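Visitor:
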Ligand code: ATP
Ligand code: MG
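In our numbering, the protein residues as written are 103 to 282.
Okay, structure coming up:
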């Protein structure tokens, strides 16, 4: 599974509709300070269901909507779509590609779509959790986070690795069974 593309419209500094294509393997985004590199990461985190504005470097969720620039007004809404390659069926859907969309308008309207159809966050979360991605997972490691992992005690670091590799859920099940 890999991220094939990211489309943004009205998200942070991405006022116009734009699509970024990714290739399998390692992709590197380069650009001057303030050009929007971290906003790309924020967009991926947002579309995967992040609920805390702070994790997106924003004070409130509405702040992810393009706030206007020198020559243009603020956007009314934000929309982000990612397309994931699902050839190996890591996501339990019989589809070779899975598109996930999140949108939010200043009027407060918001929601998610799975392959163009409205869906609930809970459905999306379950789908992503089974593939070990999504919010709360270690899919995205920010600069600050990296220091926390490197400075952690060996036992805490192990928990992080277990979470990232998707075996944490088995440990939780094992603990539950042992308590019975
Ligand atoms: P650095 O190399 O310093 O880490 P970067 O490429 O990661 O920079 P970002 O943090 O992604 O840069 O982008 C910051 C820019 O995004 C700032 O210019 C900021 O004004 C702009 N920005 C953030 N939120 C919004 C918004 N809601 N509307 C318009 N612009 C925004
Ligand atoms: Mg940055």
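Glycine included, C-beta positions come from ideal geometry on N, C-alpha and C.
Keep in mind it's a predicted model, so treat the numbers as computed, not measured.
Go ahead and label residue 177 buried or exposed: buried means 16 or more other beta carbons lie within 10 angstroms of its beta carbon, across all protein chains shown.
Guide: buried
Visitor: With a threshold of 16 other CB atoms inside 10 Å of the CB of residue 204, please say whether the residue is buried or exposed.
Guide: It is buried - the Cβ of residue 204 has at least 16 other Cβ atoms within 10 Å.
Visitor: Using only alpha-carbon positions, find the residue among 111, 105, 112, 114 that is nearest to residue 53.
Guide: Within the shown structure, residues of the chain are numbered from 103 to 282, placing residue 53 beyond reach of any answer.
Visitor: Three-state secondary structure (DSSP) at residue 166?
Guide: In the three-state reduction of the DSSP assignment, residue 166 falls in the helix class.
Visitor: Quick one: measure Cβ to Cβ for residue 110 and residue 157, integer angstroms, because I've assumed they're closer than 8 Å.
Guide: By a beta-carbon distance limit of 8 Å, residue 110 does not contact residue 157. Their separation comes to about 18 Å.
Visitor: With a threshold of 6 Å (Cβ to nearest heavy atom), would residue 114 be considered close to the ligand ATP?
Guide: yes
Visitor: What's the C-alpha gap between residue 199 and residue 179?
Guide: Cα to Cα, the separation comes out at about 26 Å.
Visitor: Mind reading off the beta-carbon distance from residue 269 to residue 259? Whole number of angstroms is fine, and I expect it under 8 Å.
Guide: Contact doesn't hold; Cβ gap of about 14 Å is too wide.
Visitor: Can you list, in chain order, the residues of its chain with a C-beta nearer than 7 Å to that of residue 207? Leave out the 5 residues immediately preceding and following it.
Guide: 178, 179
Visitor: Could you pull the DSSP bridge partners for residue 181 from this structure?
Guide: 111, 205
Visitor: Flag residue 156 as yes when its Cβ comes closer than 6 Å to any non-hydrogen atom of the ligand MG, and as no otherwise.
Guide: For the ligand MG, not one heavy atom lies less than 6 Å from the Cβ of residue 156.
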